[in-house]
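Report on the following structure.
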Amino acid sequence: MTQTTTSSTERLVAGRGIGGFGERHFKYTVLAPAIFILLLIGLFPLVYSLIVSFQRVTMMSADTSFAGFANYAKLFADARLWESLLHTAIFAAIALPLELVLGLAMAQLFLERMPGRQVFVALLVLPTVISPIVAGANWRLMFDHRFGPINQVIGWFMGEPTPILWIINPLTVYPAILICEVWQWTPFMFLILLAALSNVDKSLTEAAEIDGASQWRIFTRIVLPAIWPVMAIAILIRGLDLVRLFDIVWSLTRGGPGTMTETISYYTYVQGFSQFEISYTAAMAFLVVALLTVIVTLALKRMGIAR
Amino acid sequence: MTSAIARRRARLALRYAAATIVTATFVFPIYWLFMTSFKTPEEIFASPPQWYPGSIQFQNFNVLFLDGDAIAVWNSLVTAGISTVIAMFLGTLAAYSLARFKTGGDNLAVWILSQRMMPPIAIVFPVFLLYVWLGWVDSFIGLILLYTAFNLPYVIWMMRGYIGDVPLELEESAQVDGCTRWQVLLKVVFPLVRSGLFATAVFTFVFAWNEFIFALVLTRTEIVTYPVQVTRYFGGQSNFWAKIAAMSVLGTLPIFIAVAMMQRYLVRGISMGAVKG
Amino acid sequence: MTDVTLSGIHKRFGAVHAVRGVDLAIPDGEFTVLVGPSGCGKSTLLRIIAGLEEADAGTVAIGGQVVNHLPPRERNVAMVFQNYALYPHMKVYDNIAFGLRARKVAESEIGERVKRAAGMLSIGNLLDRLPRQLSGGQRQRVAIGRAIVRDARLFLFDEPLSNLDAQLRDDMRSEIKRLHRDLSTTMIYVTHDQIEAMTLADRIVLLRDGRIEQMGAPLDLFERPATRFVAGFLGSPAMNFVPARLSADASVVEVDAAMLAVPAGRRASLAGRGASAVVLGLRPEHMRRFADGEQREGVVRLGVTIELIQPTGSRTYATFRLAGVPVVAELQAHDVNRPNERLDLGVDMNRAVLIDPATDRVL
Chain A
1 MTQTTTSSTE
11 RLVAGRGIGG
21 FGERHFKYTV
31 LAPAIFILLL
41 IGLFPLVYSL
51 IVSFQRVTMM
61 SADTSFAGFA
71 NYAKLFADAR
81 LWESLLHTAI
91 FAAIALPLEL
101 VLGLAMAQLF
111 LERMPGRQVF
121 VALLVLPTVI
131 SPIVAGANWR
141 LMFDHRFGPI
151 NQVIGWFMGE
161 PTPILWIINP
171 LTVYPAILIC
181 EVWQWTPFMF
191 LILLAALSNV
201 DKSLTEAAEI
211 DGASQWRIFT
221 RIVLPAIWPV
231 MAIAILIRGL
241 DLVRLFDIVW
251 SLTRGGPGTM
261 TETISYYTYV
271 QGFSQFEISY
281 TAAMAFLVVA
291 LLTVIVTLAL
301 KRMGIAR
Chain B
308 MTSAIARRRA
318 RLALRYAAAT
328 IVTATFVFPI
338 YWLFMTSFKT
348 PEEIFASPPQ
358 WYPGSIQFQN
368 FNVLFLDGDA
378 IAVWNSLVTA
388 GISTVIAMFL
398 GTLAAYSLAR
408 FKTGGDNLAV
418 WILSQRMMPP
428 IAIVFPVFLL
438 YVWLGWVDSF
448 IGLILLYTAF
458 NLPYVIWMMR
468 GYIGDVPLEL
478 EESAQVDGCT
488 RWQVLLKVVF
498 PLVRSGLFAT
508 AVFTFVFAWN
518 EFIFALVLTR
528 TEIVTYPVQV
538 TRYFGGQSNF
548 WAKIAAMSVL
558 GTLPIFIAVA
568 MMQRYLVRGI
578 SMGAVKG
Chain C
585 MTDVTLSGIH
595 KRFGAVHAVR
605 GVDLAIPDGE
615 FTVLVGPSGC
625 GKSTLLRIIA
635 GLEEADAGTV
645 AIGGQVVNHL
655 PPRERNVAMV
665 FQNYALYPHM
675 KVYDNIAFGL
685 RARKVAESEI
695 GERVKRAAGM
705 LSIGNLLDRL
715 PRQLSGGQRQ
725 RVAIGRAIVR
735 DARLFLFDEP
745 LSNLDAQLRD
755 DMRSEIKRLH
765 RDLSTTMIYV
775 THDQIEAMTL
785 ADRIVLLRDG
795 RIEQMGAPLD
805 LFERPATRFV
815 AGFLGSPAMN
825 FVPARLSADA
835 SVVEVDAAML
845 AVPAGRRASL
855 AGRGASAVVL
865 GLRPEHMRRF
875 ADGEQREGVV
885 RLGVTIELIQ
895 PTGSRTYATF
905 RLAGVPVVAE
915 LQAHDVNRPN
925 ERLDLGVDMN
935 RAVLIDPATD
945 RVL
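Chains as they are written, first to last, in the working numbering: chain A, 1 to 307; chain B, 308 to 584; chain C, 585 to 947.
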């Protein structure tokens, strides 16, 4: 009798578990809708792109015959594509270190408490939260060679009017975009690094001070390693944003003069929505995804972000 | 003794000077934007530039409302607002599953985060073709769904962190006290992560509000959002700067207000939870 | 009638086999304490009873009903957690009423029951406060109040006192004991503190590595431990273990050069092992200063040199060396006055335990 009770209970346990069907599957029930949407909008387009990238679809012809790697081969011969990749790399390589160093310096400046610090910090946040489109538009106004305040200020320092054609002159267009970019995102670095620095255990630096270490040594040997994990994440977030750079280029230069400031995102857009090279755009999009996937995977692995 | 105090005072004064210069530099472009929106066309196109408008006048804004262009702000509000509500609801539920049951382990969590890192340009084209097929181009439902998907990874990732901060004991206690899983969520978890929910919602809203590529591709005339509307003035008639500035201010003010309300959570929000601040 | 029966309980967490086959029958109304070092599986066992963990194998029955498949809310048990688990966003009143509301008890009745529970724990004046405005002891009372207000058929305590300071812990211990006397509900209490176990329990279940090492009434376990582990776990200061040899006829335990006679009554059960190595287990209170001319059955004289003295006021703990290991004796306050003093101790061999070093079982 006892024997049968036990075995039937065991079956009960194996079959239903605590709380029966409803609660057993609760964790999937609450997860499912979000995953469904992510698959629909995140994964489906990628799969679709992958398929189309092996076909010959353009605006003119819905030619879905198999093109093999023709579109991918075309990528390698497309000089404008490689230039846009180079432009993207240049923006990232200059903007990221600049934002990091400026952000760190500003964080140091505001690290010690001082009355009114909250107000300064609150004001400094503003550039980061406004739309990049608005930022680009606003800087275009600021850079205007006649009505803009930038040339005016430079003129004061030079002692004579200096009509720099910021976004038309090939020499100044990169600095113009970079200034806008660094203006908008240095506060982002600043905020994160300020928080990270504030979280550094005071006793660590004090112990080093007692041991007679110089300020510079304390900073490089103790403070930097302590904030590195946070810094790494900030670099990753900003780095990925820079690889995807699109908005401020759109509103500041439209990729010009000529194609001088086209980024990879911008060029992909042009191919897709001006030229309607559907299959070719799909291949290009895939190149971008592959590139980012490699970067993200490496970065996540190296930084151990996936707690 | 007194010299030490004097030195400290001098140091503080120096830091104030530096802080003021730095802050002024970063705030100046925003000042310029707001001032431009109040200027008359003559003042905007004055050379040398005028550092402040002769009088605060709202003509530039009036034009936007008279033209009907201001509807773009409403469109942004609808898309960003509704997509935020949906993303918050579904994302928080998913985050609860990830945080409490470790559903899918770290792999699923990282996959979801990596969705956040995907370049919009890579998915916007196939989504556009899909929407053409579904008839969703230039419709609220299309853009809302897209923004929901776009923000879900962020919501899940952030709320996973906030929910992880709720002591497990509280939930267990509620279970023993007689709550179902859903009741535990509603009566214990949600109230305890309320501020996290709020902060995450504000960020989600801001991301959707400021988004450009999707809106550029997927809107035509009906639901143009404000960033797209701003870019439409480029190269227009002579007073286009007035419209750009006014539209930008309309689109920027709500964000400033939202961010001001949640200063405390700002760092955790923008660092994707890396800094608990 | 709320008896609890566990049979053949197993629980694994990945590679860790936390509970390895526990069978336990707890009669109605008993105060049972699960005690053991950290990682022994005691909390897991409690959580399995509560329904917060699911057993990999075995059955849990509460009041004769198998509850394996029931979620915690349907088991009608109340639980007090280590960190109190008070809902920080609710006032004390709402915290206590939470379980009643979840069970849809009428508001008027809730008010009455909350007041009664609050009265029992003298927290009636705290009902309008938030948990963060309470001291640790007050929070613990609220947590207990939340449990008793429910009239649950079984109370579970998971190390409820471990976050309190020593004085409060003593107070709350007697409070819980009084509560059990008044309510006479079945209670299962988990702790790693052997004093809590000894003072509270009707019955102690001592766990080690996921298995029951020994169970029984506190004094039974204390006086008749089955294994070296039990002997060492209960009692403070802990029992001293000294390597020794038992003579072939079991008449004498040989430690260093000293010969300690085994009381005649115990020899029969020990004989038959032949001459063998044993571990002599002596509690500090099994030794006292030997009075000249004292002649008591089973008390043998042992000359030692005291190395260290630790007076506590009422007692003095004296450490000396025996067979190379330090041994602590609990003496009267003035029995010994300075280190290096030579002293004759009387060792009560009636109460000493002998342990087989090969199996660690008490002989």
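Ideal placement from N, C-alpha and C gives every residue a C-beta, glycine not left out.
Check: Where glutamine 118 of chain A and alanine 325 of chain B are concerned, what is the direct C-alpha to C-alpha distance, given to the nearest angstrom?
Finding: Start at 1 with the first residue of the first sequence, and residue 118 of chain A comes out as number 118. Start at 1 with the first residue of the second sequence, and residue 325 of chain B comes out as number 18. Approximately 15 Å between the Cα atoms of the pair.
Next item on the list: Below 8 Å on the Cβ atoms is my guess for phenylalanine 110 of chain A versus leucine 194 of chain A; work out the distance and round it to an integer in Å.
Entry: In the first sequence, residue 110 of chain A corresponds to position 110, counting from 1. In the first sequence, residue 194 of chain A corresponds to position 194, counting from 1. The pair is a contact, with the Cβ atoms about 6 Å apart (cut-off 8 Å).
Next item on the list: Specify, as a first and last residue, the run of the alpha helix (DSSP H) that leucine 374 of chain B falls within.
Entry: Taking the first residue of the second sequence as position 1, residue 374 of chain B is located at position 67. Reading off the sequence, residue 374 of chain B comes out as aspartate, not leucine. Element bounds for aspartate 374 of chain B: 366-374.
Check: Exposed or buried, which one is arginine 11 of chain A when buried takes at least 16 other CB atoms within 10 Å?
Finding: As a position in the first sequence, residue 11 of chain A is number 11, starting the count at 1. Caution is warranted here: a pLDDT of 35 is assigned to arginine 11 of chain A, below 50, making its placement in the model unreliable, and the coordinate value is therefore given only provisionally. Per the 10 Å Cβ criterion, exposed.
Next item on the list: Within the segment 516-550 of chain B, note down every full alpha helix (DSSP H) run reaching 4 residues or more, in order along the chain.
Entry: 520-525 and 533-539
Checklist line | Rounded C-alpha distance that separates leucine 436 of chain B from alanine 515 of chain B | finding: To locate residue 436 of chain B, count along the second sequence from 1; it is residue 129. To locate residue 515 of chain B, count along the second sequence from 1; it is residue 208. About 21 Å.
Next item on the list: Starting from the C-beta of phenylalanine 190 of chain A, find all residues in its chain whose C-beta is less than 7 Å away, skip the five residues before and the five after it, and write them out in chain order.
Entry: Translated into positions along the first sequence, residue 190 of chain A becomes position 190. Excluding positions up to five away in sequence, the list reads Gly103, Met106, Ala107 and Leu124.
Notebook entry, point to check: From glutamine 894 of chain C to glycine 816 of chain C, what does the alpha carbon distance come to, in whole angstroms?
Noted result: One-based indexing of the third sequence puts residue 894 of chain C at position 310. One-based indexing of the third sequence puts residue 816 of chain C at position 232. Straight-line Cα distance between these residues: approximately 21 Å.
Checklist line | Contact list for leucine 477 of chain B against chain C, beta-carbon separation under 7 Å | finding: The residue labelled residue 477 of chain B in the question sits at position 170 within the second sequence. Within chain C, the residues near leucine 477 of chain B are Ala669 and Tyr671.
Margin query: Against glycine 148 of chain A, what residues of chain D qualify as contacts under a CB-to-CB distance less than 8 Å, listed in chain order?
Written below: Reference to chain D is not applicable here, since the protein chains of this structure are A, B and C.
Next item on the list: Answer yes or no: does any C-beta atom of chain B fall closer than 9 Å to that of phenylalanine 219 of chain A?
Entry: The residue given as residue 219 of chain A occupies position 219 in the first sequence. With 9 Å as the cut-off, phenylalanine 219 of chain A does not count as an interface residue toward chain B.
Note to self: Run through chain C and tell me which residues come within less than 7 Å of glycine 485 of chain B, C-beta to C-beta.
What the structure shows: Taking the first residue of the second sequence as position 1, residue 485 of chain B is located at position 178. Chain C residues near glycine 485 of chain B: Arg657, Gly683, Ala686 and Arg687.
Note to self: Is asparagine 367 of chain B close to chain A? Criterion is C-beta to C-beta, closer than 9 Å.
What the structure shows: Looking up residue 367 of chain B in the second sequence gives position 60. With 9 Å as the cut-off, asparagine 367 of chain B does not count as an interface residue toward chain A.
Checklist line | isoleucine 168 of chain A in three-state terms, based on DSSP | finding: For the purposes of this step, residue 168 of chain A is identified with residue 168 of the first sequence, where counting begins at 1. DSSP places isoleucine 168 of chain A in coil when its eight states are reduced to three.
Notebook entry, point to check: Run through DSSP, which three-state label would methionine 843 of chain C get?
Noted result: Translated into the one-based positions of the third sequence, residue 843 of chain C becomes position 259. Here methionine 843 of chain C sits in strand by DSSP.
Note to self: Between which two residues does the beta strand (DSSP E) holding glycine 800 of chain C run?
What the structure shows: The residue given as residue 800 of chain C occupies position 216 in the third sequence. Its beta strand (DSSP E) spans residues 795-800.
Next item on the list: Could you name the residues that DSSP lists as bridge partners for aspartate 932 of chain C?
Entry: Working through the third sequence from its first residue, we reach residue 932 of chain C at position 348. According to DSSP, which records beta bridges pairwise, aspartate 932 of chain C is partnered with C/Val883.
Item checked: Cut-off 7 Å between Cβ atoms - residues of its own chain near glutamate 638 of chain C, not counting five sequence neighbours on either side -> For this step, residue 638 of chain C is matched to residue 54 along the third sequence. So no residue of the chain qualifies.
Checklist line | Status (buried if at least 16 other CB within 10 Å, exposed otherwise) for leucine 590 of chain C | finding: The residue you call residue 590 of chain C lines up with position 6 of the third sequence. Classification of leucine 590 of chain C: buried, given that the 10 Å Cβ count is 16 or more.
Check: Where does glycine 635 of chain C fall in DSSP's three states?
Finding: Here residue 635 of chain C refers to the residue found at position 51 when the third sequence is read from its first residue. Glycine 635 of chain C: coil per DSSP, three-state reduction.
Next item on the list: In the DSSP assignment, find the alpha helix (DSSP H) that holds methionine 466 of chain B and state where it starts and stops.
Entry: Position 159 of the second sequence holds residue 466 of chain B. Methionine 466 of chain B -> alpha helix (DSSP H) spans 447-471.
Item checked: Buried/exposed call for valine 182 of chain A, threshold 16 Cβ in 10 Å -> Reading the first sequence from its first residue, position 182 is the one you call residue 182 of chain A. Buried, by the Cβ-count rule.
Margin query: Considering just the uninterrupted stretch of the beta strand (DSSP E) at arginine 787 of chain C, what are its terminal residues?
Written below: Residue 787 of chain C sits at position 203 when you count from the first residue of the third sequence. Note, arginine 787 of chain C: beta strand (DSSP E), 787-792.
Notebook entry, point to check: Helix, strand or coil: how does DSSP classify tyrosine 174 of chain A here?
Noted result: Indexing the first sequence from 1 puts residue 174 of chain A at position 174. Of the three classes helix, strand and coil, the one that applies to tyrosine 174 of chain A here is helix, per DSSP.
Notebook entry, point to check: Tell me the DSSP bridge mates of isoleucine 646 of chain C?
Noted result: Here residue 646 of chain C corresponds to residue number 62 of the third sequence, with the count starting at 1. In the DSSP output, where bridge partners are listed per residue, isoleucine 646 of chain C has C/Val588 and C/Gln649.
Notebook entry, point to check: Can you name, in chain order, every residue of its own chain whose Cβ lies under 8 Å from the Cβ of arginine 851 of chain C, other than the five neighbours on each side?
Noted result: Taking the first residue of the third sequence as 1, we reach residue 851 of chain C at position 267. Here the set comprises Asp833, Ala834 and Ser835.
Notebook entry, point to check: Hey, is aspartate 63 of chain A's beta-carbon within less than 9 Å of any beta-carbon in chain B?
Noted result: Numbered from its first residue, the first sequence carries residue 63 of chain A at position 63. Not closer than 9 Å to any Cβ of chain B, the Cβ of aspartate 63 of chain A fails to qualify, so no.
Margin query: Please identify the residue among C/Val863, C/Val733, C/Glu869 and C/Met704 whose C-alpha is closest to the C-alpha of leucine 684 of chain C.
Written below: On the third sequence, residue 684 of chain C is found 100 positions in, with the first residue counted as 1. Ranking C/Val863, C/Val733, C/Glu869 and C/Met704 by Cα distance to leucine 684 of chain C puts C/Val733 first.
Next item on the list: Please state whether DSSP places threonine 6 of chain A in a helix, a strand or coil.
Entry: Taking the first residue of the first sequence as position 1, residue 6 of chain A is located at position 6. Reliability of the predicted coordinates at threonine 6 of chain A is poor, the pLDDT of 38 falling under 50, and the value obtained from them is presented with this limitation in mind. Threonine 6 of chain A: helix per DSSP, three-state reduction.
Margin query: On the criterion of 16 or more Cβ atoms from any shown chain inside 10 Å, does serine 61 of chain A qualify as buried, or is it exposed?
Written below: Position 61 of the first sequence, counting from 1, holds the residue named residue 61 of chain A. Serine 61 of chain A comes out exposed.
Next item on the list: Specify the secondary structure class of tyrosine 438 of chain B as computed by DSSP and reduced to three states.
Entry: In the second sequence, the residue the question calls residue 438 of chain B occupies position 131. Residue state, collapsed to three classes: helix.
Next item on the list: Would you mind telling me which residues of chain B sit closer than 9 Å to tyrosine 72 of chain A, beta carbon to beta carbon, in chain order?
Entry: The residue given as residue 72 of chain A occupies position 72 in the first sequence. Those do not exist, as tyrosine 72 of chain A stays about 15 Å from chain B at its closest Cβ, beyond 9 Å.
Checklist line | Check whether phenylalanine 146 of chain A and phenylalanine 352 of chain B have beta carbons under 9 Å apart | finding: To locate residue 146 of chain A, count along the first sequence from 1; it is residue 146. To locate residue 352 of chain B, count along the second sequence from 1; it is residue 45. The amino acid occupying residue 146 of chain A in the given sequence is arginine; phenylalanine does not appear at that position. Yes, the Cβ-Cβ distance between arginine 146 of chain A and phenylalanine 352 of chain B is below 9 Å.
Next item on the list: Look up methionine 704 of chain C in the DSSP assignment and say whether it is helix, strand or coil.
Entry: Here the question's residue 704 of chain C lines up with position 120 in the third sequence. Correct three-state label for methionine 704 of chain C: helix.
Note to self: Counting beta carbon pairs with one atom in the segment 712-722 of chain C and one in the segment 638-656 of chain C, are three or more of them shorter than 8 Å?
What the structure shows: no
Item checked: Close Cβ partners of leucine 542 of chain C (< 7 Å) along its chain, the five nearest in sequence each way excluded -> In this structure chain C extends from 585 to 947, so residue 542 of chain C is not present and cannot be described.
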